[in-house]
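Chains as they are written, first to last, in our numbering: chain A, 210 to 509; chain B, -13 to 607; chain C, 27 to 368; chain D, 50 to 606.
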């Protein structure tokens, strides 16, 4: 057993390094999750109220310490705009830290929705293979062959820009993935010995499906979910970028990049660059976590 | 062929042969979670010229790691950490990369236990053998080609010209193993390392393959290091035995001496049954003449072939009876339908027709709900212990599941019962709160048995329960099964292809071939006087762990020829007709029936019934 | 055998496309959008509205509209069966013609990005796999995870800021050529190829210059999954039994590396196919950053203008191309790996 | 230089064109948000400004406004008090019979060689009345001008109603008579609008088919044959359209021989390219971009306070906007100065009225000042102290705006939203696509609350604007998007519409505008400049009420 274990985890990187990366990913995700809870309340400015200061650049690095101590000692009239303000006068920093509330919640809810629906349908389709479930799989195939981004865009744009519609659109494009993954896993699990053993012990089929097959078929879907959360954030931001996402002035990273995009060509980089860094790190953090989960699964 | 070779070969143990390979204090390690795990830790031994050395050890004892390390290789990310591998006077571990590459394959050949995955799946077989040959020999394209064909022919491949064009996935396991041997021997190495070369092969092919390997090596004059878990292989082919335990050699003895008088406790454990000779296991006697506990009549099972109207005949009119406290062995090659019979008895597969009468009740006619209730009485233990326990459940939950289903015990009672069950199968109660993951095959199989026992069943189907176990665990499990039968009076249907185990464990035995039972009788009858040609072939191919009666020293009876017919288009007459050495024209025309002989033995062969076929008693019974 | 396989795949793909067509048809009509008012625009009276609805045919029952779209009523308007994707509700031009103008832009962008990404990512991934656990491999691994999880539109903007605004070495993100150049005659629709056909080398260079940043952006994003895949497959191949055995048999190092590479590339084909399809649809973002008038921009326009025939056509065409690419890569896969049976 | 040019053009446009035309062939590159999607003004893309730009370039109106002096930015302005002939040389009006006699210009040649005459005029009106296109603009304008027979009856089942009767009569090759059904001062202004540009009948009929007798397909997808200053050269939709000068143009061959219009959808990109000097003219930039170009080398930015404005739309049919106190409260909560500064970089002024301030008949009315305290007080008076109770109206306070205009409107709606929240109004933002916006504004009329910067009455007359936007729907209000209904306004307009005396009419229009301001019919916010950025070598920019550029006016120095 142990030697087998050794061989299959050969692809794993040495422990120390894995921990370093994993630690980084975990830190990012924890911060983002924390911001999703408190982000909208802790910024120096209300993330949805304009200030009279328009297009203020962020302080240079050299100015930051001085500003910081001035701010702490309370000699400033108003808190500094750490990341500048955008063309409407929004404080970029307050919006960047308020945005996880939007991005993460959309990604989590959409994923959760498609995970639950997908696993349920996948279990049925994998466990009971008949004409009805085969037809369901064909429908799922068709849904999966939709070009992801364009379908999401069409759905949101035609249904109307709202958080609910984005969630539905994301769930629509992700559900077939979970159906397929779960079905495949159910099909490979349901012929395993412990399932037959459960049958031999006198379990009903429903019991076997729910108590034995389902728990053992969840892993691929859960790993997929950890990866998909990151991609859902990207997709949400992308939708906002092309104008099929959340409504302004909701603090949302993609929307912020999009509103700043027109200015970047004129040299006003800060309204787009800071939220971009936030997305970049967040999705990376989720990718690291997803990857770690995947490896653990592969190893077992 | 065999006799000739045997005569030519001189027994190296009798002379002071030159040392080919000398290993000293070899250490191989793998980094696991920052630590070095050392499956090979201080290995030392020697192999002499023309010698066949057997290396035996449990799974995980480091056998395969050691084999690779002899070539200076370790499976990444493993590393050879120290020691010497002296070959022809040079330490391989100190040679530069290019030189050691030249020695691999040319001076030391290796065949491994997973031949199909060891062949490049994307290249034709002939091409791969050619590359191996070219790597060590100067030859033109046509010469290489000729050599390839020659090698393939030498290892017993029919029609080598067309086989050379095949890909690995198009070959059977035995065929792929032969191709590997052709590659390993193409440069006439001085040493052949064979790492469990027959694992995964069927009994009849296994012996045939080992015969051919042994023969070929005799011709090329190589020495062999034969790594195995099978005592039978050791006894029949090796001159000397090395026992590998926890990364080092714990015993090094000539084969007869090893079997007669093992020194190390591990060796004594794995040889325990051999030395006690089965009888002393004390199989409980069966009361004769009582109503059988379970009887099947004309059990049939067919499977539809996808996209066609054809049917696969998996089980064909099988009638068996098993008495209380009795063990019936069901033997046959893979694909003979023995596993299907077991499943049909418990209605894990619905029989196509026939009856299964258990304690006076025909199970086949029971509605599903009633059948579910009956399941506490009839249980099954599967072949693969790793697969048959829900990996997400604790052992306790696994053991109490049948109690939840079939009893109204209180939680406390269930806990107590789970602990009892652990005691019953000799497992530590502390394991109850663990999950199956990380436990060894032997322990897992005991848990499977414990679960089967939970509701006090009267009958258990044992579907090759020992086949994936290491030698030591196998011994323990066999003892356990005998003890349980003695204590609880359970009946077993013991399905196996391992005749050695069947002999230890069974009262009666039935031999299956292509879904039919071809012979039934007591163990004594069938093993010492097999009447059906197929039974005879099976027994003669089986490698009994008896170094006093070595296969390489004796006359090998005619083996079966050709391939097993497809179970889709079965012949009209005797199913064995196409392969039987005793076939006459009438065999092909007449369907055969199972006819009783004297003494309760019965056989499905009109010639055997007519006494035209010698009861073959020369095997190792 | 091969022919049967291909025709079977085509048949399955066709069924899938038909399913998709019908699904899209109903889906967009179920959504609460009103395409008619878009057309009558400002100052429209209800009379004009009804007139426009009639012109578009949206006053007819849905099933009748579907039948026309599919081509069962060629007397009303040609449909899919007649090879027509309908007429754009906005421009009045046949959608097929419009797609033919937009699609090559995207194909050129995506294909070049793939070529660049593969050219860079495959050696890097192999390098990582050949030196497992080393510092470089760690770097490669982290890079692949990072690049694979990035918002391409943001990187595009960043590149614009750096290379256009700050450094001035890239052209303005303004399309495929500078506004003053007149494009060569359209033959393939690929600006790079058409300029060469026309013999205008300066245009070719200009086209490449304009493609530089968008291709960079997409290749950067693409390189992540490709490196990860190559590294993983290569590492897996290097650990495979047959590579180990090839070493056991003393095969030359080059030959062993060849074994491993081939084994690593075969399973990569499927992912490359999926990535291609994904990029085809995801190119929307890059196109919009760099104002490349590709199929993605066409899709955005179609969506914003509620141009239903155009929306349907975009989804259909992208899916069809994806299916063809999958098939082609499966065929390559099968050519590399004989185990793949048709 | 600039000044001289403007003066010259004010005096004699034709002379300018001739004298300014240098020997070398001039060409310019124009960057636009879009190129024409179609060229048929009765076709599906008539509402799109880019398409209108194409139409006015290729075709010629019957009449137009005389050139006035240039404004402070050097942009030539029209003189709204003076309409002069274009394809019409002169006209007579008979008030008794309500008949206009148009004397047509002779020797006008189109791009395809056809000569302009009375048949072309009759064809144009006949086509308009046929309402065979997707968007019957021609009919609409004729109807607004009370031309006899152009009634909603044309949409009925009677085919006769769609045919041109004797209301448009050909007297001879160069004389046409048009009859009105009632006195209506809008007749001449309407004839200057792009929706009644004259088609070249001969060429149009060449491309007619049985299914499409009015050549809508041709006009929409190929070419709009008229008698304009330019001829279509090449047109690739969504990419580029180029025009070459019409050598036979009756006002002389244009100075610029070739005009290429390229579609560059992002305004920032248009700004960047213009800055590089590769293009000569860009329109539709955001105020911020115009502002940044003002200081750029080689680039001039010019603007006109013409007819573009921004107002807050509050729907009378949606609670609580039916409450005048709420409307007034909101009116006092708008920080006008901040909007002008942040949203328009100073290129706007507060709009104190309900029609463009430059239009004949405009009257200043409605002095809303930014006064949050007053707004709060008004809100309390309305019964919603500190906004309490307003949350019950939920979606009503979703401030809608056109999503495509995010880069211009974004800062403005953000400011409005923030200011409203400051007095307790739970405002949120709702960007919706242009299409949906149009649909809800026009057809459904159910946008409760919106910011609108795209209502520019193309009929240059306060009355036109009033009829378009403020008259009750059942009294003929055409685009009364806020469902405003006032007996006073309706009655006054009924009289003013047919009032032949200009002074009296202006008087009544003034009363209407006072009433509108009192009711906060719209909440006018700013009038902003229509701006262009162009090479400082490009001379002769003029503004027209349709906001399209006439390339004929331009020359490169």
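A virtual CB, placed ideally from N, CA and C, is assigned to each residue, including glycine.
- Around the C-beta of residue 139 of chain D, fewer than 16 other C-beta atoms lie within 10 Å, and the residue is accordingly described as exposed.
- Of all C-beta pairs linking the segment 424 to 439 of chain A to the segment 411 to 418 of chain B, fewer than three are shorter than 8 Å, placing the two stretches out of contact.
- Flagged as an interface residue toward chain B: residue 278 of chain C, by a C-beta distance shorter than 9 Å.
- For residue 349 of chain D, no alpha helix (DSSP H) segment is defined; the enclosing uninterrupted segment is the beta strand (DSSP E) at 348 to 353.
- The beta carbon of residue 240 of chain D lies closer than 7 Å to those of 110, 111, 112 in the same chain, with the five residues before and after it left out.
- The alpha-carbon separation between residue 327 of chain D and residue 78 of chain D amounts to approximately 8 Å.
- Here DSSP, grouped into helix, strand and coil, assigns residue 560 of chain D to helix.
- Its chain contains 334 as the residues whose beta carbon lies nearer than 6 Å to that of residue 346 of chain A, once the 5 sequence neighbours on both sides are disregarded; these appear in chain order.
- Here the segment 361 to 370 of chain D makes contact with the segment 527 to 542 of chain D; the two share three or more CB pairs at distances below 8 Å.
- In the DSSP assignment, residue 284 of chain B falls within the unbroken beta strand (DSSP E) covering 280 to 290.
- Taking residue 46 of chain C as the centre and dropping the five residues before and after it, the same chain places the C-beta of 345 closer than 6 Å to its C-beta, in chain order.
- By the 16-neighbour rule on beta-carbons within 10 angstroms, residue 320 of chain A is buried.
- Residue pairing by DSSP places residue 229 of chain B opposite B/42, B/237 in a beta bridge.
- Cβ contact annotation for residue 342 of chain C (same chain, cutoff 8 Å, sequence separation greater than five): 43, 46, 47, 50, 111, in chain order.
- Proximity of residue 453 of chain D to chain C, defined by a Cβ-Cβ separation below 9 Å, is satisfied.
- At least 9 Å separates the CB of residue 493 of chain D from every CB of chain A.
- Residues of the segment 209 to 230 of chain D with a C-beta less than 9 Å from any C-beta of chain C: none at all.
- Residue 411 of chain A belongs to the set of residues whose beta carbon lies under 9 Å from a beta carbon in chain B.
- Residue 338 of chain A does not reach chain B, its nearest Cβ partner there being about 12 Å away, counting only Cβ pairs nearer than 9 Å.
- Straight through space, the alpha carbons of residue 503 of chain D and residue 334 of chain C are spaced by roughly 25 Å.
- In the three-state reduction of the DSSP assignment, residue 295 of chain D falls in the coil class.
- For the segment 266 to 300 of chain D, residues whose beta-carbon sits nearer than 8 Å to a beta-carbon of chain C comprise 266, 269, 270, 285, 286, 287, 288.
- Residue pairing from DSSP leaves residue 237 of chain A without any beta-bridge partner.
- Take the alpha-carbon of residue 204 of chain C and the one of residue 187 of chain D: they are about 39 Å apart.
- In the three-state DSSP reduction, residue 450 of chain D falls in the strand class (E or B).
- With fewer than 16 other Cβ atoms inside 10 Å of its own Cβ, residue 227 of chain C counts as exposed.
- Taking the Cα positions, residue 269 of chain B is about 14 Å away from residue 495 of chain B.
- Secondary structure within the segment 341 to 421 of chain B: the beta strand (DSSP E) runs of 3 or more consecutive residues, fully enclosed, are 364 to 367 (chain order).
- Collapsing the DSSP output to three states places residue 492 of chain B in coil.
- By the rule that beta-carbons nearer than 9 Å mark a contact, residue 180 of chain D touches chain C.
- For residue 299 of chain B, no alpha helix (DSSP H) encloses it; the enclosing beta strand (DSSP E) starts and ends at 297 to 308.
- In the three-state scheme derived from DSSP, where H, G and I count as helix and E and B as strand, residue 76 of chain D is classed as strand.
- Inside the segment 464 to 489 of chain D, DSSP marks whole alpha helix (DSSP H) runs of 4 or more residues at positions 483 to 487, from first to last along the chain.
- C-alpha of residue 453 of chain B to C-alpha of residue 48 of chain B: approximately 20 Å in a straight line.
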